[in-house]
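First residue of the sequence shown? That's 48 in the working numbering, and the numbers climb one at a time after it. Quick notes on the structure that follows.
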Amino acid sequence: MEPSEQDLILEELVGKSYAYYEQGDYQKAKDIIQEVLEIQTRELGEDHLSVSLTLNYIGDILLKEGKSDESIEHYNRALEMQLKKLGENDVRIANTYQNIGEAFLHQENCKKAEEMFRKALHIINLQTSSPEPFILTRLNQHLVLALKRQGKVSDAIKTEKASLAKLLEQHGEDHAEVVFAYICIAQLLADQNRLDDACQLLDKSAEICARLPGGDDLGMFAGTLESKASLLEAHGNFEGATEVLTKLLGMQEEKLGEMDPAIAGTCEKLALAYNRQDMLEDAIEAYAKAINIHKRVSGDDHPHTEQLMVARQLLLLKKNANDLIDQGLAMYVQGDPENAVQLFQESLDIYNERFSGPHSNMATIYEYISDIRVEQGLLEDGIAASAEALKIRRRTLGDDHVDTKGRMQAHRALLKRLLESRR
């Protein structure tokens, strides 16, 4: 049956609306689709299924605009029509429930979002034919997010494992959606501080990636390694993260050449990991590599290139400050405490002038100065430096950290010593 002139007009309008939607011009997309809705309502009736699909799409646009209340209102109008026309278990209704759930997630109403996602999942599980893997994965990811935000991490893991079991049954282990499921479970396990279990799953994901068609393509494999590095960093294992990122960098350079933008991204992550370990020379070198690539790809004046150059310059200053600390310690060992304190002070000046907020290294410098002044018999000067160190420890580490407690104990001992000297 040939489409009518009216159908062709609607199809053209919908296409224009989608084009504006993809460009991020949601107002124009909405204006055009409202015209489609008016035509559909007039020509087909208010309760036609085509109207419900259009209402769902308008809800999507409103959600992109941050108007979640209006979005839910449109989704609910679509749902009411679909329930009347299709009954309760049609897969199209599952899609609408999912849309409503996503809108509730935007409102941080995670309990209602969970309810909607579970309704959608129930309908999908009733279908005789298997859904497309990405549909099930996307729905489960949203349900897991709703559970996680409510603190129901164990329930989230059970949900994702149930999804994984279904994927394994239908598609076997060597499937892209299985990889994503393993990564999701790994992230949840890490939230429970089960880092070893999480890393094992990520390693398994990497093995599957290597077996998939096009396994020499770094895309998914890189994503798995990046997820592992992020988990390790989040749990303070910067050495482990560095090892993973170094492995990824080697593979990228082998597969992509040395000037690919993806390599710049990995170098940035490596620089951050090195910096957290005070491996400043390695961090500076990694930033230099990233900067060189960005200059070739985006130019010297690109904002991100400039941002990286600033980050590298700060590390160079930090290295200069640390070099002054090393020189100061050498002076002290050689029996020249005054020059040692002067070098420590120059290091502090760099931190104060160039870095926003206190840095943990500054506490260490003040502790060195305190020790020297106390040794020289300048107890009040030593206490003043110790007080600065304690203040920085508290701000950067918190009162409960072992280093803060150690400094607090040392500071009290100095105060006690001062009181005793005045008796």
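Where is the CB? At the ideal position from N, CA and C, for every residue including glycine.
Which of helix, strand or coil does DSSP assign to residue i?
{"i": "Met-455", "result": "helix"}
{"i": "Phe-402", "result": "coil"}
{"i": "Met-306", "result": "coil"}
{"i": "Asp-116", "result": "helix"}
{"i": "Gly-287", "result": "helix"}
{"i": "Arg-196", "result": "helix"}
{"i": "His-448", "result": "coil"}
{"i": "Asp-202", "result": "helix"}
{"i": "Gly-346", "result": "coil"}
{"i": "Glu-220", "result": "coil"}
{"i": "Asp-54", "result": "helix"}
{"i": "Gln-81", "result": "helix"}
{"i": "Gln-70", "result": "helix"}
{"i": "His-282", "result": "coil"}
{"i": "Ile-87", "result": "Note that residue 87 is Gln in the sequence shown, not Ile. In this structure, Gln-87 counts as helix in the three-state DSSP scheme."}
{"i": "Glu-93", "result": "coil"}
{"i": "Asp-238", "result": "helix"}
{"i": "Gly-134", "result": "coil"}
{"i": "Glu-179", "result": "coil"}
{"i": "Asp-396", "result": "helix"}
{"i": "Arg-469", "result": "coil"}
Cutting at 7 Å between CB atoms, please list the residues of its own chain near residue i, excluding the five before and the five after it.
{"i": "Glu-435", "result": "Tyr-413"}
{"i": "Glu-280", "result": "Ala-288 and Ala-320"}
{"i": "Met-378", "result": "Asn-386, Ala-387 and Leu-390"}
{"i": "Leu-292", "result": "Ala-276, Thr-313, Lys-316, Leu-317 and Ala-320"}
{"i": "Ile-310", "result": "Leu-296, Gln-299, Glu-300, Leu-303 and Ile-340"}
{"i": "Pro-405", "result": "Ile-439, Arg-442 and Thr-443"}
{"i": "Ser-115", "result": "Ala-150, His-153 and Gln-154"}
{"i": "Arg-124", "result": "Leu-102"}
Got a sec, what are the start and stop residues for the alpha helix (DSSP H) residue i sits in?
{"i": "Asp-243", "result": "242-258"}
{"i": "Met-326", "result": "Premise fails: Met-326 is in no alpha helix (DSSP H) and is neither H nor E."}
{"i": "Asn-142", "result": "138-153"}
{"i": "Asp-418", "result": "407-422"}
{"i": "Leu-364", "result": "350-380"}
{"i": "Glu-427", "result": "426-444"}
{"i": "Asn-172", "result": "157-173"}
{"i": "Ser-97", "result": "96-111"}
Excluding five sequence neighbours on each side, which residues of the same chain lie with their C-beta closer than 8 Å to the C-beta of residue i?
{"i": "Asp-238", "result": "Lys-195 and Val-200"}
{"i": "Tyr-327", "result": "The sequence shown places Leu at residue 327, rather than the Tyr named in the question. Closer than 8 Å at the Cβ level, and outside the excluded window around Leu-327, lie Tyr-321, Leu-362, Lys-365, Lys-366 and Asn-369."}
{"i": "Thr-184", "result": "Ser-210, Leu-214, Glu-224, Phe-227 and Ala-228"}
{"i": "Ser-433", "result": "Tyr-413, Glu-414, Ser-417, Arg-454, Ala-457, His-458 and Leu-461"}
{"i": "Ile-171", "result": "Val-138, Ala-141, Pro-178, Ile-182, Leu-183 and Leu-186"}
{"i": "Arg-464", "result": "Leu-426"}
Quick check on the burial criterion: 16 or more other C-beta atoms within 10 angstroms. Buried or exposed for residue i?
{"i": "Gln-87", "result": "buried"}
{"i": "Asp-107", "result": "buried"}
{"i": "Phe-181", "result": "exposed"}
{"i": "Gly-283", "result": "exposed"}
{"i": "Val-98", "result": "buried"}
{"i": "His-341", "result": "buried"}
{"i": "Ala-358", "result": "buried"}
{"i": "Gln-74", "result": "exposed"}
{"i": "Glu-90", "result": "exposed"}
{"i": "Met-306", "result": "exposed"}
{"i": "Lys-158", "result": "exposed"}
{"i": "His-169", "result": "exposed"}
Got a sec? Which residues, its chain only, sit under 6 Å from residue i by beta carbon, not counting five neighbours each side?
{"i": "Cys-314", "result": "Ala-333, Lys-336 and Ala-337"}
{"i": "His-448", "result": "none"}
{"i": "Ala-160", "result": "Gly-148, Phe-151, Leu-152 and Ala-193"}
{"i": "Ser-407", "result": "Thr-443"}
Should the stretch 349-366 be regarded as contacting the stretch 385-392, the criterion being three or more beta carbon pairs within less than 8 Å?
When Cβ pairs closer than 8 Å are counted between the two stretches, the stretch 349-366 is seen not to touch the stretch 385-392, the count staying below three.
Taking contact to mean at least 3 C-beta pairs separated by less than 8 Å, is the stretch 194-206 in contact with the stretch 216-229?
Under the three-pair Cβ rule at 8 Å, the stretch 194-206 does not count as touching the stretch 216-229.
With a threshold of 8 Å, are at least 3 pairs of Cβ atoms found where one atom belongs to the stretch 119-128 and the other to the stretch 76-92?
With the cut-off at 8 Å, the stretch 119-128 and the stretch 76-92 do not touch.
Using 8 Å as the cut-off, can you tell me whether the stretch 212-219 makes contact with the stretch 244-260, which would need three or more C-beta pairs spanning the two stretches below that distance?
Under the Cβ criterion (8 Å, minimum of three pairs), the stretch 212-219 does not count as touching the stretch 244-260.
Taking 8 Å as the cut-off, does the stretch 149-156 touch the stretch 134-141 (at least 3 CB pairs, one atom from each stretch)?
No, because fewer than three Cβ pairs between the stretch 134-141 and the stretch 149-156 fall closer than 8 Å, the two stretches do not touch.
Across the stretch 201-210 and the stretch 240-257, are there enough close Cβ pairs to call them in contact, namely three or more that are closer than 8 Å?
In short, these stretches do not touch, since the Cβ pair count stays below three.
Contact between the stretch 423-432 and the stretch 441-456 is defined here as three or more beta-carbon pairs at a separation below 8 Å; is this criterion met?
Output reads no: the stretch 441-456 does not touch the stretch 423-432.
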